[in-house]
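First residue of the sequence shown? That's 590 in the working numbering, and the numbers climb one at a time after it.
Heads up, the beta-carbon is just placed ideally off N, CA and C, and yes, glycines get one too.
Since this is a predicted model, take the numbers as computed values, not measurements.
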Amino acid sequence: MLWNIFYLSGNNPNYEINYSIDPYDQDVKYVFLNTCGFISSARYEMFETIELLLSKHKIIYLLWCGLYYFENLDTSQMDEKEKKIWKNILDNKNIHFLSRSDWNNISIENLIDWYDAEGLKESVLYSWVRAYTNAKYKFEYLKIAEWCNNKCTFCIIPKIRWKQKSLPIKEIVQEVQNMLNAGIEEIILIAQDTNRYGVDLYGKAMLFELLEQLEKIEWDWMYRILYLYPDILTLRQLEKLKKFKKFIPYFDIPLQHIGENILKNMWRFYDQKHIKNLLNFIEKNFETKFVRTNIIVWFPGETEENFQELCEFLEKTTFDNVAIFEYHDEVLADSSKLENKVDESTIRKRFQKLKKILKAKNVSIKNDNNFWYVMWFKWREKDPTIIVRPWLHAPEIDSYDEIKLGDILEIHWDDDWIDIGSKILYRRE
Ligand code: SF4
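Printed below as a string of structure tokens:
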């Protein structure tokens, strides 16, 4: 029997356990599953994973948000389908739950004590090192803060989690160094609200102070920042980013909408003028860049005028990737109590228009003669191809490209062969 469990940030017992590696391995008996309860699609993904693990005869320990979500609902609020699945989970003897009162004290030792599974204590093989499961692709995520102090009305994260909790700058710098030592070249900084990193620890947002420290790490590496909440982002900060050498000019700014009454109902405090100033600055000042945003459509109260305004904005603004989320009520979210829900027939009409705009804006893959990372191979007999990720594109979010072996101009790797994670330069027509 073997189980591996890995731990974020060394010996600090206050941070989240990530996941067991290779849960489908025949030798793995116990699986600790970090669940998400954010929206219904995430909860159904959790159910599917549980089903898969049960089919592999694993003993499952459930942690975090999925549990908290269900704890916060009374069964009358539950959707019938979810209610049924959840009851089956509760009744299954091979599924165990971590109590919320234990959440602040999670450590490997405590987990073992709490669960006290038969034979588990004697046969534990664990490492204090965090698993870098994406290291072979040369990138990895680094969560610099957990949870969120905002109260966006469509979001249940503040209801199912706590106030923001940041990692100290010193620990992040150390973790970055560990990641670089493990061969990672691109570190993706994430948090629920990355821009407010540090408010809990330092009394003010400290993202840019953190970046200044990271910039000092002399190594062949770069970092990307995801989820730059726009309200406190300033032109002065963007000016700083222009000077930072390790920063990948990737701007992931979740705007959610452009209609000011909608933003207000979402409980998000910025306006069109601010958004346009930021986007204009980026457009004028970064020759090489990638701009991504999220939009929620059909939010309660979205009028025809709001929708037209949004369409015009999307048509006129140069985004490289726009993620559209279709609004639906989540029982714990405050927005579900808002009036003026957009009706089905209006949604269908708006959907057609939006589809056309997004299709017309279908952005081609960017090639600025920089490097591409090999993600995986397709060994078709006559026509072997490689799936690559341009360095500007975020892994698992933006598009990849497919190239023929014969088109490769240069390989940058320790050896001369191409492998997953190799940096390549190739010819594009
Ligand atoms: S900033 Fe993100 S995590 Fe925080 S409340 Fe808003 S949507 Fe949720």
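Between the CA atoms of residue j and residue i - distance to the nearest angstrom
i	j	result
Ser665	Ile885	28 Å
Met811	Lys938	43 Å
Leu1014	Tyr726	16 Å
Pro973	Ala983	24 Å
Lys834	Phe875	13 Å
Phe879	Pro819	16 Å
Asp987	Ala912	10 Å
Phe966	Lys993	10 Å
Glu637	Lys748	24 Å
Gln861	Lys853	12 Å
Gly890	Ile745	19 Å
Gln753	Ile997	45 Å
Ile649	Asn681	10 Å
Ile842	Lys676	39 Å
Tyr786	Glu991	37 Å
Asn767	Lys647	32 Å
Met855	Glu933	21 Å
Lys673	Glu872	50 Å
Gly626	Met964	30 Å
Val762	Gln802	7 Å
Lys865	Trp736	28 Å
Gln845	Gln897	15 Å
Lys732	Thr783	9 Å
Residue i: first and last residue of the uninterrupted alpha helix (DSSP H) it sits in
i	result
Asp841	Segment Tyr839 to Asp841 is the beta strand (DSSP E) holding Asp841; no alpha helix (DSSP H) there.
Lys672	Glu669 to Asp680
Ile806	Counting along the chain, Ile806 falls outside any alpha helix (DSSP H), and DSSP gives it neither H nor E.
Tyr791	Val788 to Tyr791
Lys853	Glu849 to Asn854
Tyr657	Cys654 to Glu660
Glu904	Glu893 to Lys905
Leu868	Gln861 to Asn874
Residue i: first and last residue of the uninterrupted beta strand (DSSP E) it sits in
i	result
Ala912	Asn910 to Glu915
Arg825	Careful: Arg825 lies outside any beta strand (DSSP E), inside the alpha helix (DSSP H) at Leu824 to Lys832.
Leu622	Tyr619 to Thr624
Phe960	Phe960 -> no beta strand (DSSP E), and no H or E assigned at all.
Met811	Met811 to Ile814
Simplified DSSP state of residue i, which is helix, strand or coil
i	result
Ser712	Reliability of the predicted coordinates at Ser712 is poor, the pLDDT of 48 falling under 50, and no value is obtained from them.
Ala949	helix
Pro747	helix
Arg559	Beyond the ends of the chain as shown, which are 590 and 1018, falls residue 559; an answer cannot be given.
Ile1029	Outside the shown range of the chain, which is 590 to 1018, sits residue 1029, and nothing can be said about it.
Ser988	coil
Lys727	coil
Asn770	helix
Thr974	strand
His1001	strand
His646	coil
Met635	helix
Phe686	strand
Leu651	strand
Leu817	coil
Gln845	strand
Val931	coil
Ile1007	coil
Ile777	strand
Val765	helix
Glu919	coil
Trp592	In this prediction, Trp592 has a pLDDT of 33, which is less than 50 and means its spatial position is unreliable; nothing more can be read from the coordinates.
Phe888	coil
From the options, residue whose alpha carbon lies closest to that of residue i
i	options	result
Glu849	Asp841, Tyr859 and Asn770	Tyr859
Glu774	Glu893, Ala922, Val920 and Phe960	Phe960
Tyr633	Ile678, Lys645, Asn661 and Leu731	Ile678
Asn623	Ser630, Val920 and Met635	Met635
Lys1012	Lys759, Val977 and Asp990	Val977
Lys950	Phe686, Met667 and Arg881	Arg881
Leu662	Glu919, His846 and Glu991	Glu919
Tyr791	Lys759, Leu921, Asn895 and Asp809	Lys759
Leu643	Tyr657, Glu660, Ile684 and Phe797	Ile684
Thr935	Leu778, Phe902 and Phe888	Phe888
Cys654	Leu824, Thr823, Leu921 and Glu985	Leu921
Ile821	Lys793, Ile837 and Ile806	Lys793
Glu669	Ser629, Lys645, Leu641 and Glu640	Ser629
Ala1034	Leu815, Leu687, Phe728 and Tyr721	Given that the chain is displayed from residue 590 to residue 1018, the structure contains no residue 1034 and the question cannot be resolved.
Glu804	Ala631, Gln826 and Leu830	Leu830
Ile847	Phe659, Lys948 and Asn895	Asn895
heavy atom of the ligand SAH below 7 Å from residue i C-beta
i	result
Asp987	The model on display carries the ligand SF4 but not the ligand SAH.
Residue-level contact to chain D via CB, residue i, 8 Å cutoff
i	result
Pro984	Protein chain content of the structure displayed is limited to a single chain, and chain D is not contained in it.
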